[in-house]
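Below is one structure; the comments refer to it alone.
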Amino acid sequence: MAYVITEPCVDVKDASCVDVCPVDCIYEADRQYYINVDECIDCAACEPVCPVAAIFALEAVPPDQASFIEFAKEQG
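Counting from 1, position 40 in the sequence shown corresponds to residue 41 in the numbering used here; the numbering is continuous, with no gaps.
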């Protein structure tokens, strides 16, 4: 299991998640942050600090946000 950053992060890019990630697997893209799913250790530290509730466990990503799973995989 990994975590995925979804649409609410687009154009917000609050770095709270970056600050708490113990393995530095959150990276900046053009309009949002993304989590490298291969580096994520599933600690969930990022999820509760996201001010826009954009972070979900991979298997819990809402269906209408599924494209962000592929986005993260393509970035990594």
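All C-beta atoms, glycine included, are put in the ideal place defined by N, C-alpha and C. Since we're looking at a predicted model, the values are computed, not measured.
| Asked | Found |
| --- | --- |
| Pick from Val11, Glu8, Pro49, Thr7 that is closest to Cys22, judged by C-alpha positions | Pro49 |
| Complete alpha helix (DSSP H) runs within the segment 9-38 (minimum length 4 residues, chain order) | 17-21 |
| Bounding residues of the beta strand (DSSP E) (the contiguous stretch that carries Ile56) | 56-58 |
| C-alpha gap between Val13 and Asp31, whole angstroms | 11 Å |
| Test item: CB-CB of Ile56 and Tyr35 under 7 Å | no |
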